[in-house]
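Asks: Got a structure here, written out as structure tokens. Questions coming.
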Amino acid sequence: MTASDKQANRYRHRHLLSCELLTAPEISSLLDSADDLAEANRARLAKRDALSGRSLINLFFEASTRTQASFEMAAKRLGADVLNMNVSTSSVTKGETLIDTAVTLNAMRPDIIVVRHHAAGAVELLSQKVDCSVVNAGDGAHQHPTQALLDALTIRRAKGRISGLTVAICGDILHSRVARSNINVLNTLGANVRIVAPSTLLPAASDRLGAEVFTDMTAGIKDADVVMMLRLQRERMEGSFVPSTREYFHFFGLDHEKLAKAKPDALIMHPGPMNRGVEIASTVADHSRSVIREQVEMGVAVRMAVLEALAGHLPST
Amino acid sequence: MANAQNKAGGKSRKSAPADPPGGETVFINARLLDPASNRDEPGGLLVRGGEIADLGTHLRRNAPEGATVIDCRGCVLAPGLIDAQVFVGEPGAEHRETLKTASNAAAAGGVTTLVVMPDTKPVIDQVALVDFIQRRARDNAVVHIATMAAMTKGLAGEEITEIGLLKRAGAVAFSNGKESVTNTRVMRNVLNYAKDFGALIVHHTEDPYLSKNAAMNSGEVATRLGLSGVSKHAETILLERDLRLVEMTRSRYHAATITCPESLEVIRKAKAKGLSVTCGVSINHLTLNENDIGSYRTFFKVRPPLRADDDRRAMVEGLASGDIDIIVSSHDPQDADVKRRPFAEAADGAVGLETLLAAGLRLVHGGDLTMMQLLKALTINPARLLGLDAGQLAKGATADLVLFDPDEPWVVNKDLLRSRSKNTPFDEARMQGRVLRTVVAGETVYEYAGVART
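In order, the protein sequence lines correspond to chains L and V. If you count by the numbering used here, then the first sequence holds residues 1107 to 1423, one letter each, in order. If you count by the numbering used here, then the second sequence holds residues 1251 to 1704, one letter each, in order.
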């Protein structure tokens, strides 16, 4: 690929809200930059000035430790000033208040706002009311684009490719924005995507998402190149969607027995935070093929690449 | 065979087979009646090692040498009956019935497999309780006992039970016992979850808001008696909802007991759509009606309540047409203390294991059903529904048999019932047709004392 091709494939949008409309070249260009940044981070050479003099607001309506820290680290490595705002979800309701918050923040003239919200579509709504760039850090059960990108980068670095790989995404698909974003990105990059869950944790028309659907985990991860586990929220474990953690682990938890059905060199992934003994056996989480820590590392690199790409479109200072 | 039965929660041979190793028992001069193979012919049947070794007309008079011979004197030899709805008081209400006394009652009624309902204290909603029932049954019961586990924790209608692990432990189906799940979302999740394990959901449908405080079927009789009633539509309303959910989730569903033509119509439509739907009816709703309550006779207080005679007749027709799949006794022992009360305050329930076949034969003698139709709903149909390796006369099948004289007259005497509770609605009723011998895995577990042993 020539330099001008790379230029042509660059991410050119003002916001990053969803993975649904990302093209394969756009994704690849973000992953390429992130790959370089990851190496630079390891070599402690990453302090860049792409966001020097810029301000970024981390606006989190939903508690998050790792995603917020990851965005903060990424922004600071690029020289941005970072403001963390944790808005209590109890006092804030959707609609008017969200828009009020957006208008207020907009008046402070930030350059980028990173938003996580518990309601699907809230981030897009907010993006319509501000003049700066907006990055979706997770909206309800809708999208979590940087997670899917960091997962794709982790797979690509470990396997050298994504096209043609079989990726089994297992667990609470129904409530998962990670699953939706990953299905989009992995499909766009040519992977064979499978989703594996009990019927109670599958959304309606799950067979229309471009993934093969399994309710039997053993069949679902057979010969998979990548097994991606999802977190099961505690409030969903006690009878409403699955009867108990014991039964869930028995039929849908990743243990060595089930893992043996996947390819011998299958990667083990989890977006974190893990429930050891619920969706993943502790020893599997710490397995030599587990790339869960690598995912966290790639998180910073991918977010740097995304922020850098968005910075290219900011009005010059 | 016996192994599969064990897996399904039943018991295999209790102790050493009655016949010595290599020993054989032959039933000669029988009328072999087997709905699974549509067989109804004179013949004989050879039992070896707890299994049916051979059967057919060639054994009608010819006993193999050395075999113990039982002369059936032309009486009906059929697969042992399977009763898919039996309430037992163990654990929690052993004063009403234990697995042992229920199994004795079953044996006397020709029932060789009974399915216990999860309405116990504690509720059968955990693997340990399924294990408990199986161990107690193995040690104390004379017939096979299978377990239906709860589909919601504590039968509270809120949280799904460990259907996967319970099924693996041997639960043959999942039910909410006498309680209906009113929360539609919970019901959908239960059906959806059960589907992944191929588990059968058995539901008693009665809208509890409509049936609140109801003592009997609503209508003229209730009005004259001054009792509050529940309309049969309370049953059909929830059933219709359930069948919509089945259409949505494509799960396996069995309506525990239907009692009216409205419900039957809904079932027919669901079957016509190709849904995996079946239904049952209790022997009480086939043979009794609300008029039997007379002057507040609480032994006729059952749940769902006895309906009008038109409803009863519709149930018999539904059975004859095959739209109703199985008959259950809905055996529900209640002690005198909770029955001898003002009607509205008395407990629901009637024992039925020992009178199941005789009551059913009333319909045959009355010309409403053929013997084959009756036995089909009591043998192969429940066996197939619950995945039990039982319910047919075939070579290699476990020798679970009932020998009965379809014509012998007798009068029910509640004091002679083997059940620990005596709350039968058939006390002093005249019956025609009597169980002479019940055989479980080749062993005779009941023999009518009035017939000399051959």
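We treat Cβ as the ideally placed atom computed from N, Cα and C, and that holds for glycine.
How would you label L/SER1196, buried or exposed, when you count the other beta carbons within 10 angstroms and need 16 or more for buried?
Replies: In the first sequence, residue 1196 of chain L corresponds to position 90, counting from 1. Residue placement at L/SER1196 cannot be trusted, given a pLDDT of 47 that sits under 50; what the coordinates show is reported in the next sentence. It is exposed - the Cβ of L/SER1196 has fewer than 16 other Cβ atoms within 10 Å.
Asks: Mind checking V/HIS1308: buried by the 16 CB within 10 Å criterion, or exposed?
Replies: Start at 1 with the first residue of the second sequence, and residue 1308 of chain V comes out as number 58. Per the 10 Å Cβ criterion, exposed.
Asks: To the nearest angstrom, report how far apart V/ALA1522 and V/ARG1634 are at their CA atoms.
Replies: Reading the second sequence from its first residue, position 272 is the one you call residue 1522 of chain V. Reading the second sequence from its first residue, position 384 is the one you call residue 1634 of chain V. In a straight line, the C-alpha of V/ALA1522 is about 20 Å away from that of V/ARG1634.
Asks: Closer than 8 Å, Cβ to any Cβ of chain L: which residues of the region 1410 to 1435 of chain V, in chain order?
Replies: Cβ contacts with chain L come from ILE1410, THR1411, GLU1412, ILE1413, GLY1414 and LEU1415.
Asks: In the DSSP output, which residue or residues are listed as bridge partners for V/HIS1453?
Replies: For the purposes of this step, residue 1453 of chain V is taken as residue 203 along the second sequence, with counting starting at 1. Answer by DSSP bridge pairing, in chain order: V/ALA1505.
Asks: At a cut of 8 Å, does the region 1296 to 1307 of chain V reach the region 1369 to 1376 of chain V through at least three beta carbon pairs?
Replies: The region 1296 to 1307 of chain V vs the region 1369 to 1376 of chain V: no contact.
Asks: Using beta-carbon positions only, say whether V/HIS1454 and V/ASN1433 come within less than 8 Å of one another.
Replies: For this step, residue 1454 of chain V is matched to residue 204 along the second sequence. For this step, residue 1433 of chain V is matched to residue 183 along the second sequence. Against a cut-off of 8 Å, the Cβ pair of V/ASN1433 and V/HIS1454 comes out as no contact.
Asks: Can you check which of these residues, L/PHE1355, L/HIS1223, L/HIS1119 and L/ALA1146, is closest to L/ASN1164 by C-alpha distance?
Replies: Residue 1164 of chain L sits at position 58 when you count from the first residue of the first sequence. Nearest option by C-alpha distance: L/HIS1223.
Asks: Between V/VAL1652 and the ligand ZN, is the CB less than 7 Å from at least one heavy atom?
Replies: For the ligand ZN, the structure offers nothing, since it holds no ligand at all.
Asks: Please decide whether V/TYR1443 counts as near chain L, where near means a Cβ-Cβ distance under 8 Å.
Replies: Your numbering for residue 1443 of chain V matches position 193 in the second sequence. Judged by the 8 Å Cβ criterion, V/TYR1443 is in contact with chain L.
Asks: So which of L/GLU1403, L/LYS1328 and L/MET1375 has the shortest CA-CA distance to L/ALA1391?
Replies: Looking up residue 1391 of chain L in the first sequence gives position 285. It is L/MET1375.
Asks: Determine the direct distance from the alpha carbon of L/SER1124 to that of L/GLU1403, and round the result to whole angstroms.
Replies: One-based indexing of the first sequence puts residue 1403 of chain L at position 297. One-based indexing of the first sequence puts residue 1124 of chain L at position 18. Computed Cα separation, rounded: 22 Å.
Asks: Could you pull the DSSP bridge partners for L/CYS1276 from this structure?
Replies: Along the first sequence, one-based indexing puts residue 1276 of chain L at 170. Per DSSP, L/VAL1302 and L/MET1335.
Asks: Looking only at its own chain, which residues have a Cβ that is under 8 Å from the Cβ of V/ILE1543, when we skip the five neighbours before and after it?
Replies: Along the second sequence, read from residue 1 onward, the residue named residue 1543 of chain V stands at position 293. Within the same chain, V/ILE1543 has close Cβ partners MET1466, VAL1471, LEU1475, PHE1550, LYS1551, LEU1556 and PHE1593.
Asks: Counting C-beta neighbours from all protein chains within 10 Å, is the total for V/HIS1504 16 or more, i.e. buried, or is it exposed?
Replies: Here residue 1504 of chain V corresponds to residue number 254 of the second sequence, with the count starting at 1. Looking at its Cβ environment, which holds 16 or more other Cβ atoms inside 10 Å, V/HIS1504 is buried.
Asks: Any idea if V/GLU1291 is buried or exposed, counting beta-carbon neighbours within 10 angstroms, 16 or more meaning buried?
Replies: Residue 1291 of chain V sits at position 41 when you count from the first residue of the second sequence. Label assigned to V/GLU1291: exposed.
Asks: Please classify V/GLY1448: is it buried, with 16 or more other beta-carbons within 10 angstroms of its beta-carbon, or exposed?
Replies: To locate residue 1448 of chain V, count along the second sequence from 1; it is residue 198. Under this definition V/GLY1448 is an exposed residue.
Asks: So is L/PHE1424 in contact with chain V if we call contact Cβ pairs under 8 Å?
Replies: The requested residue 1424 of chain L does not occur in the structure, where chain L is confined to residues 1107 to 1423.
Asks: Could you name the residues of the region 1297 to 1328 of chain L whose beta carbon sits closer than 7 Å to any beta carbon of chain V, in the order they occur along the chain?
Replies: Those would be PRO1304, SER1305, THR1306 and THR1321, in chain order.
Asks: Please classify V/GLN1642: does DSSP put it in a helix, a strand, or coil?
Replies: Residue numbering aside, residue 1642 of chain V sits at position 392 when the second sequence is read from its first letter. Looking at V/GLN1642 - three-state DSSP - the assignment turns out to be coil, as it is neither helix nor strand.
Asks: Counting contacts by CB-CB distance shorter than 8 Å, is V/GLU1241 in contact with chain L?
Replies: As displayed, chain V neither begins before 1251 nor continues past 1704, which places residue 1241 of chain V out of reach and without an answer.
Asks: Do V/PRO1675 and V/LEU1538 have their C-beta atoms within less than 8 Å of each other?
Replies: Taking the second sequence and counting its residues from 1, the one referred to as residue 1675 of chain V is at position 425. Taking the second sequence and counting its residues from 1, the one referred to as residue 1538 of chain V is at position 288. Against a cut-off of 8 Å, the Cβ pair of V/LEU1538 and V/PRO1675 comes out as a contact.
Asks: With 8 Å as the threshold, decide whether the Cβ of L/GLY1359 is near any Cβ in chain V.
Replies: Translated into the one-based positions of the first sequence, residue 1359 of chain L becomes position 253. Cβ-Cβ to chain V under 8 Å: no for L/GLY1359.
Asks: Below 8 Å on the Cβ atoms is my contact criterion, and I expect V/VAL1652 with V/GLY1360 to pass it. Report the Cβ-Cβ distance as a whole number of Å.
Replies: Residue mapping note: residue 1652 of chain V aligns to position 402 of the second sequence, counting from 1. Residue mapping note: residue 1360 of chain V aligns to position 110 of the second sequence, counting from 1. The pair is a contact, with the Cβ atoms about 4 Å apart (cut-off 8 Å).
Asks: Can at least three beta-carbon pairs, one atom from the region 1343 to 1357 of chain L and one from the region 1394 to 1412 of chain L, be found at a separation below 8 Å?
Replies: Output reads no: the region 1394 to 1412 of chain L does not touch the region 1343 to 1357 of chain L.
Asks: Measuring alpha carbon to alpha carbon, tell me which residue in L/VAL1236, L/MET1191, L/VAL1408 and L/VAL1188 is nearest L/VAL1209.
Replies: Your numbering for residue 1209 of chain L matches position 103 in the first sequence. Per the Cα distances, L/VAL1236.
Asks: Rounded to whole angstroms, what's the CA-CA distance from L/VAL1406 to V/ILE1413? Just pull it up for me.
Replies: Taking the first sequence and counting its residues from 1, one reaches residue 1406 of chain L at position 300. Taking the second sequence and counting its residues from 1, one reaches residue 1413 of chain V at position 163. Distance between the alpha carbons of L/VAL1406 and V/ILE1413 is about 42 Å.
Asks: Compare the C-alpha of V/ARG1346 against each of V/ARG1680, V/ARG1684, V/ARG1687 and V/ARG1668 and name the closest.
Replies: Your numbering for residue 1346 of chain V matches position 96 in the second sequence. That would be V/ARG1668, whose Cα lies nearest to the Cα of V/ARG1346.
Asks: At a CB-CB cut-off below 7 Å, which residues of chain V make contact with L/GLU1344?
Replies: Start at 1 with the first residue of the first sequence, and residue 1344 of chain L comes out as number 238. Chain V residues near L/GLU1344: GLU1409.
Asks: Apply the 10 Å Cβ neighbour rule to L/LEU1343 and answer buried if 16 or more other Cβ atoms are within range, or exposed otherwise.
Replies: Residue 1343 of chain L sits at position 237 when you count from the first residue of the first sequence. The displayed chain sequence assigns Met, not Leu, to residue 1343 of chain L. Label assigned to L/MET1343: buried.
Asks: Counting only beta-carbon atoms, is V/LYS1403 nearer than 8 Å to chain L?
Replies: Walking along the second sequence from the start, residue 1403 of chain V turns up at place 153. So, interface residue.
Asks: Are the beta-carbon atoms of L/LEU1122 and L/VAL1412 separated by less than 8 Å?
Replies: In the first sequence, residue 1122 of chain L corresponds to position 16, counting from 1. In the first sequence, residue 1412 of chain L corresponds to position 306, counting from 1. Contact: yes.
Asks: Report the start-end ranges of each beta strand (DSSP E) in the region 1669 to 1704 of chain V that is 3 residues or longer and not cut off at the edges.
Replies: If we require 3 residues or more, the beta strand (DSSP E) runs fully inside the region 1669 to 1704 of chain V come out as 1680 to 1690 and 1693 to 1697.
Asks: Under DSSP, the alpha helix (DSSP H) around L/ARG1267 begins and ends at which residues?
Replies: Translated into positions along the first sequence, residue 1267 of chain L becomes position 161. Counting along the chain, L/ARG1267 falls outside any alpha helix (DSSP H), and DSSP gives it neither H nor E.
Asks: If I measure Cβ to Cβ from V/ALA1600 and keep anything under 7 Å in the same chain, skipping five residues before and after, which residues do I get?
Replies: Position 350 of the second sequence, counting from 1, holds the residue named residue 1600 of chain V. Excluding residues within five positions, the ones whose Cβ falls inside 7 Å are ASN1534, PHE1549, VAL1552, ASP1582, ASN1673, THR1674 and PRO1675.
Asks: DSSP puts V/ARG1634 in a beta bridge; with which residues?
Replies: For the purposes of this step, residue 1634 of chain V is taken as the residue at position 384 of the second sequence. Beta-bridge pairing links V/ARG1634 to no other residue.
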